[in-house]
Amino acid sequence: MDAFDRIMELSREGLYCAQIMVQLALDAEGKENPELVQAVRGLCGGFAWSGGPCGALSGGVCFLSLLAGGLEPDERIKLIGEFHDWFRARTAQYGGENCENIERGDPQNMVTICPGVIMDSYEKCVELLEERGLA
Numbered sequence: 001m002d003a004f005d006r007i008m009e010l011s012r013e014g015l016y017c018a019q020i021m022v023q024l025a026l027d028a029e030g031k032e033n034p035e036l037v038q039a040v041r042g043l044c045g046g047f048a049w050s051g052g053p054c055g056a057l058s059g060g061v062c063f064l065s066l067l068a069g070g071l072e073p074d075e076r077i078k079l080i081g082e083f084h085d086w087f088r089a090r091t092a093q094y095g096g097e098n099c100e101n102i103e104r105g106d107p108q109n110m111v112t113i114c115p116g117v118i119m120d121s122y123e124k125c126v127e128l129l130e131e132r133g134l135a
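Next comes the structure, spelled out in structure tokens:
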């Protein structure tokens, strides 16, 4: 199964953006941690559906933190900063990195826009890890 199919499968199972990113990180390590996946639900929808920072962003930070634990602290900070800069550029077309910008008040955009943002975020996280020999 490719990554996009896995994202859609997780979505059908009831997971949202940040949860999907964390589950993909767990998948990469062959691990299961349903409590962790449940814990990050509060990051979905821009912090508990408040329209704040996109869960693909916060979930991507969790993804990188889970898989880049071997890096020195300053390298982890740089890694996460690179992801955030990329995410800001990726979501500029929507007017910002917050869910309220991306969804634009239309819940249908969770179906039409969000899967692509999650997929692109996953691919960027993998790319950043590969650049450091961690994936």
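Per full-length UniProt numbering, the sequence shown starts with residue 1, numbered consecutively.
Virtual Cβ for every residue (Gly too), placed ideally from N, Cα, C.
Just so you know, these numbers come straight off a predicted model, no measurement behind them.
By alpha-carbon distance to A25, the top candidate from I7, L67, S50, A3 is L67. With 16 or more other Cβ atoms from the protein chains shown falling within 10 Å of its own Cβ, K124 counts as buried. A straight line joining the alpha-carbon of N33 with that of E75 spans about 26 Å. Under a 10 Å Cβ-count criterion, M21 is classified as buried, with 16 or more other Cβ atoms of the shown protein chains found around its own Cβ. Considering only F63, I80, C54, the residue with the shortest C-alpha distance to K31 is F63. In the displayed model, P53 falls within a strand according to three-state DSSP. In chain order, C54, A56, L57, G60, E97, S121, K124 place their CB closer than 8 Å to the CB of F87, counting only its own chain and leaving out the 5 sequence neighbours on each side. Of T112, D5, D27, G81, the smallest CA-CA separation from A135 is found for D27. By the criterion of a C-beta distance shorter than 8 Å, R132 is surrounded in its chain by A68, L71, E75, L79, once the five residues flanking it on both sides are discounted. Here N33 carries a coil assignment [DSSP, helix/strand/coil]. Per the coordinates, the alpha-carbon of G81 lies some 15 Å from the alpha-carbon of V126.
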